[in-house]
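Structure, as structure tokens:
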Amino acid sequence: MLCDDGHYLLNENLDVADSYARVGSCLEKMALQELDRELQKDLVRGSLTFEKLKKHESRVATDEELKLGDTLQYYMKDTDAAKNLLYRRMRCLANYEGANKTLERARGRNKDIPRAEAEQSEACKKFEDISEVARGELLDLKKRRLSAFKKNLTDLADLQIKHAKAQIALLEQALGKQGYQQQQQFG
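Below, the structure written as structure tokens:
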């Protein structure tokens, strides 16, 4: 799910970057056809602004993909550790069930009962021990996952805020130059 969402976000950001590139290209073509020198300069500035926005949006896409990739990688690593732990517990359970069957056969034949009982109690103890360890580790895993997820989402939000501020500054800079030039023309 997270991987699909990450690719969706990346594709959306790249689509926005492509749209900026197309708008910038159209403004550049319009500037080439425009006869009025001032309007031509404004169109070129607009084209350059959209080119900067395209680069910025591509950087946003890359940064967000890396952040979501880090989150996914952490989750996969922890999930593998939990699967390995549960596999070891399952093996202990299988050994315990095997020891129970061996004890039943030994009682049926009336042979080696003390040895089978010892094996059964040892397998039971190992299973109970690993079950207790697994319970504790899974609770710890849940806490670590929530903490890491919260941290990664916070980092992603901070990153998005940083990029949004940079984009606003870029647009304000472009509009500020435009407004200053218009004041000089009409003022």
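Residue numbers (our numbering): 1099 to 1285. The beta-carbon is built from N, C-alpha and C at its ideal position, and this holds for glycine as well.
Rounded to a whole number of angstroms, what is the C-alpha to C-alpha distance between L1201 and E1226? 18 Å
How about Q1258 and E1163: are their beta carbons less than 9 Å apart? no
For E1132, three-class secondary structure by DSSP: coil
Close-in-space but distant-in-sequence residues of the same chain around D1205 (CB under 8 Å, 5 per side omitted): For the record, residue 1205 in the displayed sequence is Arg; it is not Asp. Correct list, in chain order: I1211, A1214.
Return the Cβ separation of L1236 and A1180 in integer angstroms, given the expectation that the two are a contact with Cβ distance under 8 Å. 6 Å
I believe L1239 touches D1176 by the beta-carbon criterion, under 8 Å. Please report the beta-carbon distance rounded to the nearest angstrom. 6 Å
Mind the definition here: the segment 1245–1256 touches the segment 1126–1143 only if three or more C-beta pairs lie below 8 Å; say whether that holds. no
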